[in-house]
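To start, the structure itself, in structure tokens.
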Amino acid sequence: MENRMLIMECAKELFYEKGYDAVGVQEIVDRAGITKPTLYYYFGSKLGLLRTLMDTKFDVFRGLVKESVKENQDIREVLYRLANAFCDFFEKDREFYMLMMALFYSARKNDAYQVVKPFVVEFYETVVRVFENAADQLGNMNGRQKQFAIGFIGTINHYILLQCEVDPAHEEEIDEQQITSLVNQFMYGIFT
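Each residue of the sequence shown is one higher than the one before, starting from 1346 at the first, in our numbering.
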């Protein structure tokens, strides 16, 4: 593995284990087996490292999300594909997903929060557009697209976060039946 990727992987592991603020540059370089100048060469700073890590990893998630919402079909199908994209990304890189969630729930003036915020907002806006595009299928929306997006994202994220607590050894994948059940529960809430 090249140094740049090695540093990002080591940083991701440490940030996941201890939190961004609790990890120093020395700890990252020690784990990666490199020197501080090497880290600074690639990233400029610990914050630059976090930005690059978020850009690189979120790009994968962005691709999954764009693929899941590209066709304007039945809202249940779109939400299923979107939930599947969430879960698929989580399964591929649980540490990064959990790190992203932790950073989003950190102090609002924290540098790490400022780094993750644009990615979470981008995703939220994508989900809002999903509901806007489905207005003709959801007669009772009445301008609540943003509420629906928040509810949907919250349902999926909370399920994933609790999945980590229930299955800390990562032995069980989130399967199609679980995803379908989540989407159906969410849709039931909309139509009642």
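Heads up, the beta-carbon is just placed ideally off N, CA and C, and yes, glycines get one too.
Quick caveat: nothing in here was measured; it's all calculated off a predicted structure.
Contact under 7 Å by Cβ, residue 1370 with residue 1357: In this structure, residue 1357 does not lie closer than 7 Å to residue 1370 by Cβ.
Residue 1380 (DSSP reduced to helix, strand or coil): Correct three-state label for residue 1380: coil.
Helix, strand or coil at residue 1516 according to DSSP, with G and I counted as helix: Coil.
Residue from 1396, 1495, 1476, 1496 whose Cα sits closest to the Cα of residue 1487: The residue from 1396, 1495, 1476, 1496 with its alpha-carbon nearest to that of residue 1487 is 1476.
Distance CB(residue 1420)-CB(residue 1494) smaller than 7 Å: No.
First through last residue of the alpha helix (DSSP H) which encompasses residue 1490: Unbroken alpha helix (DSSP H) run through residue 1490: 1490–1511.
Touch test, the stretch 1449–1463 against the stretch 1503–1522, Cβ-Cβ under 8 Å, three pairs minimum: Taking 8 Å as the limit for Cβ pairs, the verdict is that the stretch 1503–1522 does not touch the stretch 1449–1463.
Min CB distance residue 1368 to chain B below 7 Å: The chain inventory of the structure shown lacks chain B, comprising one protein chain alone.
Straight-line Cα distance separating residue 1374 from residue 1395: Distance between the alpha carbons of residue 1395 and residue 1374 is about 14 Å.
Rounded C-alpha distance that separates residue 1500 from residue 1384: The straight-line gap from Cα to Cα measures roughly 38 Å.
Assumed close pair residue 1355, residue 1443 - CB separation to whole angstroms, cut-off 8 Å: About 16 Å; that fails the 8 Å criterion.
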